[in-house]
Amino acid sequence: MTNTDGTVPFWERKQLEAMTADEWESLCDGCGRCCTHKLEDADTGDVYATQIACRLLDCESCLCSDYPNRLSEVPDCLQVTPSIARNSDWLPKSCAYRRIAEGRGLAWWHPLVSGSRATVHTAGISVQGHVLPEPIVDPEDYEEHIVDWIQEEPAPVSKGAQ
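The sequence shown: position 28 = 28 (the numbering used here), numbered continuously.
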C-alpha cells in the first residue's frame, strides 16, 4: 500500500516500538471489543469475552468516555503495548495492534485505510448495538453473557462490497 504522496504508511514500515505516541494511538480502530469484560477460568487460565461493556465505554460511539483517565478510573483497564499486542490471546483477532504484530496489516475497514471512522461500524467490527452497559448487569451474572463473536474476525469482503 502506498499513500497518495507515494510514501509507505507508517504501520507498514515501522516496528510497533518505533511508532510515535500519535501513530500508536491512531492504530486503535475504535471497535470497543477490547473494552468488554473478560472472565478467566481459574483452573485452566482460559479467557472468555463477554458482551458486557466497561462502564466508560460509550456503547453507541464505541469510544472511551474518559480515555485520558481510564487507567486510574478502571483498575482492570490495560494499556495495550507492543508486548501485549504480540503475546495476548485476549486481544480480538480483528484488533489492529494484533494484526500489525502478526504481520497481517490493517483491514480495509480500519479508519487509516478507509479514511472514515464509520467503516468499523458499517463492517460490523465494532460492538455497537451488541453490548450491554456494565451498570445494568449484576457481576454474578457475567458468565451468562459470554460470547464468541468478540474474538472472531469477519471473513474478508470482496472489493466491490467495500
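Beta carbons are placed, not taken as given, at the ideal position from N, Cα and C, and that holds for glycine.
Counting only residues of its own chain and dropping the five nearest sequence neighbours on each side, residue 147 has a CB closer than 7 Å to the CB of 49, 50, 51.
When DSSP states are grouped into helix, strand and coil, residue 146 belongs to the strand group. By the CB criterion at 8 Å, residue 11 and residue 106 fall inside the cutoff.
Within 10 angstroms of the beta-carbon of residue 43 lie fewer than 16 other beta-carbons, which makes it exposed. Across the structure, residue 13 and residue 101 are spaced so that their CA atoms are roughly 12 Å apart. Within the segment 63 to 122, the complete alpha helix (DSSP H) runs of at least 4 residues fall at 70 to 73, 82 to 87, 96 to 101, 111 to 114, 119 to 122. Here residue 30 is buried: its Cβ has 16 or more other Cβ atoms, across all protein chains shown, within 10 Å. Taking a contact as a CB-CB distance under 8 Å, the pair residue 143 and residue 63 does not count as one, their CB atoms being some 27 Å apart. CA-CA distance, residue 98 to residue 111, rounds to 16 Å. By the C-beta density criterion, residue 8 is exposed, having fewer than 16 other C-beta atoms within 10 angstroms.
Excluding the 5 residues flanking it on each side, residue 58 has same chain C-beta neighbours closer than 6 Å at 65, in chain order.
Cβ neighbours of residue 19 within its own chain (closer than 7 Å, five residues either side excluded): 10. Scanning 22, 153, 78, 86 for the CA closest to the CA of residue 35 turns up 78.
The C-beta of residue 122 has fewer than 16 other C-beta atoms within 10 Å across all chains shown, which makes the residue exposed.
Listed in chain order, the non-local C-beta contacts of residue 119 below 6 Å within the same chain comprise 109, local neighbours out to five positions each way being set aside.
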